[in-house]
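Oh and the sequence shown: position 480 is 480 in full-length UniProt numbering, straight run, nothing missing.
All remarks here apply to the structure that follows.
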Amino acid sequence: MQKKLIRHTLFWIIVLGLLFVGRAFAIPCLRVNPYITLPNGTVEGHLDNGLRYIILPNELPRHNIEVRMVMNAGSLQEENDQRGGAHFLEHSAFIGSKHFPKRALIDYFERQGMKFGRDINAFTGFDRTIYWLSLPYHSQDKAVLDTTFLALRDWLCDLTFDDERVKKERGVIVEELRSYQQNDDFYKLKMGQNRYADRIPLGTEQDINSIDSNRLKAFYQRWYTPSHATVLVVGQVKVAEVVEKLRKTLGTIPAKVDQKPFKPLPMTYTKGAAWMQLADSMQRESKLELIIPHATIVERVLPEVVKKQQMRMLVQCLSERLAADSVRCNVSNDWYLADKDHFVFSLRGASSSQLAQQLAATSYECRRLLQRGVGKDELQQLIDMRLAHLQPDTTQQLSSDLCDDFVDYIMAGDRPLWHPKDVEWVRNQVKMTTSAQLQECLESILSAMKRSRLYAYTYAADDTKTGLLDAKQADSAWKKGWKRSIEPYAFQLEKEVKEDTISLPLCLKQTPKMTNESIKYSKKWPELGVEEIQLTNGVKLIVRPTLEEDSTLYLAVVGRGGTADLTTQQQLKLHDAVSYVDMGGLSKVPSDTLLTIMTQQQLSMTVGEDAYWHQLLASSPEKHATALLNLVYEKMCFPGVNHEDFAETIASEQENLGKETLLDKLLAHDSDRLMTNTIDSLVGNGTANSERLLTKATLKALNIDSLTHYYKQLFGNPTGLTVILTGNFNVGHVVPKAVATFAQLQAPATPLPLNNAPFTPIKQPYSKGFEGGNDHQTVVNYIFSGNYVPSLRATLGMKLIRDVLQDRVLKVLRESENIVYSPYVDLSYNGIPQQKYHFVINLSLKDENRKRAEMLLQEIIKDLKERPVSTGELNKLKRSFLVTKDKVLNDKSPAEWKTALISLVKNGESLQDFNDYTECLHGITPEMIQQMVNEMFDWNHRIVVYKSQK
């Protein structure tokens, strides 16, 4: 290893020396080690049998260890009679091994609080199979790591292959295949002609149905060897302890002598032009993508990073030049697969002739850049833009994110750039980038284009009238642009906008003074890390500081009051009031000035209103907290009124009212959308009643002053208002400012009425079907709805029922009967004011299995009504809730904390209960769950909404 490193270092010293001689500019001496620095504390090594390991102690999130086993084997390694076998083998890892027969492995990890599919999962690709386990871990749980490594050992050398279980699993994988979507109409074109195109990881239905135990064993014994495996461990671990456990558990696996050497397989494309075209009736314009496959740059050593940055500068240069010449072309360069990047010119035009003109203009710009290069000012601007993105990142990363980076390192050698010294070296190189280097990048792309080029052509319906493009015409257009006489490029230097060109107006920079009289009480919740401050005017502040890469303050204002609180007549008079008023900005600051200030200060803000709530979301850097808080206050209490813009908007809406676009027509017949709308209307999630009554006369009668008055009553009322602060900020600086700001709110003399009547669900069976199934498949939704009394205990009880149902449906309908692939049970609830819930059980299955599935589902629900769930099953789910809460609501999750706290407010769940989450959860007994199931699930009142081919 050391000799290899020395040879590699000498190689780069020689290369850099030659560059120094051959160029007119100096390159700073490269450090002794040219490799990009791995994260601090990373330990990498090999066991005697060839197994590689990478270990990194990491503290975020707390009580967590991420474990991955990365196998250098995927679908590319399959023989002709093993197609689909690599992925099938991944499934086999969860259905039986020496120490974990049948479902024992999943059962063990689920008892630790882990979730199958989230914390217990695997992935099969072309060149890899990755098994991952996200472990909840405390110092007293040392046995968990021992058992985890035992599971890895079983995956690597002790899987069992039961013929009957393999046959059963075929049905599950076929259902997975049917639900698989590539989401790329030009996938076949982009894959080229090679083994990748020939070895799709899932295989075909024929491949899956032909797999048997013998073929799986042959693949397993050939490729699942210690020398093809890397074990990755990141989290709250001690390196020496992990290495010793690995030696004892996986180090005893005998090494295998590979008779066939492992060879990386490149992606290859046929020479010349490859063409693929598709019609799109929804598009009014046609699109042509010229895709150039070329060798990817692996960012392993620092000079490779510089090369990648220069390629990005080339993309930016071409993009800006084409935009300046009014060429509608988007330029990009991204990794596609294996050893290939795709450099893409994406063109749009109203007709094929316009596309040809755009392509010719693109070709001309490439030739001009290749021959004339870039001038000093243009180059400096490109360099400055790159430097702005090249910053060190020394913040603590989540263990799961570090694992993602390590997988790239394991498979391709890629290393993330983060260390300040590495970044500084790369920045210095980027600063000295020359025009010649950018021209060399372009020359390499154009050389690759001569070898292979892909044309992805999407044409609009009208384009057929003027004639369609083909590969020959596209090549001809490129050649035409290449032959144009070259004129100098007139670069226009962007004017630098000074940060302080506009000073803050008084209403945004003044700091109101906080007084103790403003605070009714304050309380801290240590378990949550939350502080609650109740103001005397009715506003409640909930403060939860979090870690973030930069110091950002996130603010959410949530208040009761929405469109459903109004009568139908009021809804018509106040139609879309919040949106119309929002257009006016602030009353004390001109709109143009406000936009400039928000850009300068990096302030963001949105307001919205739904059926029962209104809210405002905003954020800014912590240093601009005063401006942000004042901006929010002014937006709530003193919105601007723009009569002219309002009149123009109303006129436009009147003109378009009732007109149906092509998209509207398509959506009106989309079965999934129709199903969703039907379910929403039945469970109380429908749109406002006024929408269907809206007329041109109603729009004309809208008055912006009346709308603004309603808006002020809505947002300016402090009673019951909650302000949530999350992010990386100094509590001592920000919270007093927030208290002083929102203490200024005063209750209106006549507050808006609130409709607090609970929603009344239907109490009779309902069934409705839609056309739209495929492959003789039916998608069925069984919905059970009703009312509940809001509380955290009620919410947790419903979530436990959801997970119990999910587990039963999986075990019976998927694992035992194999008649569905991925059934799921969903839960929605609205505590305030509707006090309603609904469960959705979604099944996708063959038409002939529908009656059987419905009978089994009815039996599952009946059993849950008649017999309490076992204490063991319930405790396993409770453990998963605690693990999920710790995982999602960690110290680096400002958005998740904001969402959770907003949900708590809207659903009437107290901070006291949330702080006592564990006790609240453990207080729920099997008998309570049984009682709730009996109250909430009435088979005779079920709602069934489905789609099928019939």
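Beta carbons: idealized from backbone N, C-alpha and C, even for Gly.
My output table needs one value for residue i: the three-state DSSP class, helix, strand or coil.
i	result
residue 38	coil
residue 535	strand
residue 181	coil
residue 801	helix
residue 113	coil
residue 520	strand
residue 264	coil
residue 158	coil
residue 559	strand
residue 841	strand
residue 432	coil
residue 56	strand
Does the separation of the CB atoms of residue i and residue j fall below 8 Å?
i	j	result
residue 68	residue 130	yes
residue 542	residue 527	no
residue 251	residue 362	no
residue 110	residue 880	yes
residue 85	residue 165	no
residue 352	residue 466	yes
residue 899	residue 727	no
residue 754	residue 538	no
residue 275	residue 73	no
residue 865	residue 933	yes
residue 536	residue 283	no
residue 632	residue 618	yes
residue 707	residue 577	yes
residue 603	residue 574	no
residue 314	residue 328	no
Could you tell me the alpha carbon to alpha carbon distance between residue i and residue j, rounded to whole angstroms?
i	j	result
residue 780	residue 946	4 Å
residue 24	residue 895	The pLDDT assigned to residue 24 is 34, lower than 50, so where the model puts this residue is not dependable; a value taken from the coordinates is nonetheless given after this. Looking at the two C-alpha atoms, the distance is approximately 50 Å.
residue 294	residue 468	28 Å
residue 828	residue 334	39 Å
residue 393	residue 748	48 Å
residue 207	residue 213	13 Å
residue 585	residue 233	51 Å
residue 656	residue 696	9 Å
residue 710	residue 643	16 Å
residue 848	residue 819	10 Å
residue 751	residue 712	10 Å
residue 172	residue 93	14 Å
residue 887	residue 66	12 Å
residue 305	residue 296	12 Å
residue 590	residue 723	27 Å
residue 853	residue 520	57 Å
residue 187	residue 534	56 Å
Going by C-alpha to C-alpha distance, which of the options sits closest to residue i?
i	options	result
residue 936	875, 801 and 914	801
residue 436	371, 377, 381 and 395	371
residue 439	618, 583, 242 and 310	310
residue 428	395, 449 and 383	383
residue 948	647, 671, 190 and 114	671
residue 570	154, 702, 876 and 60	702
residue 452	270, 400, 757 and 580	270
residue 90	107, 80, 78 and 124	124
residue 825	798, 815 and 847	798
residue 75	174, 188 and 201	201
residue 263	790, 77 and 601	77
residue 150	512, 246, 761 and 924	246
residue 737	638, 547 and 515	515
residue 567	938, 693, 850 and 789	693
residue 320	795, 489 and 805	489
Name the DSSP bridge partner or partners of residue i?
i	result
residue 123	130
residue 341	294 and 335
residue 163	Bridge partners of residue 163: none, in fact.
residue 951	Given that the chain is displayed from residue 1 to residue 950, the structure contains no residue 951 and the question cannot be resolved.
residue 66	134 and 234
residue 846	777
Any heavy atom of the ligand HEM closer than 7 Å to the Cβ of residue i?
i	result
residue 337	Ligands in the displayed structure: none, and consequently the ligand HEM is not present.
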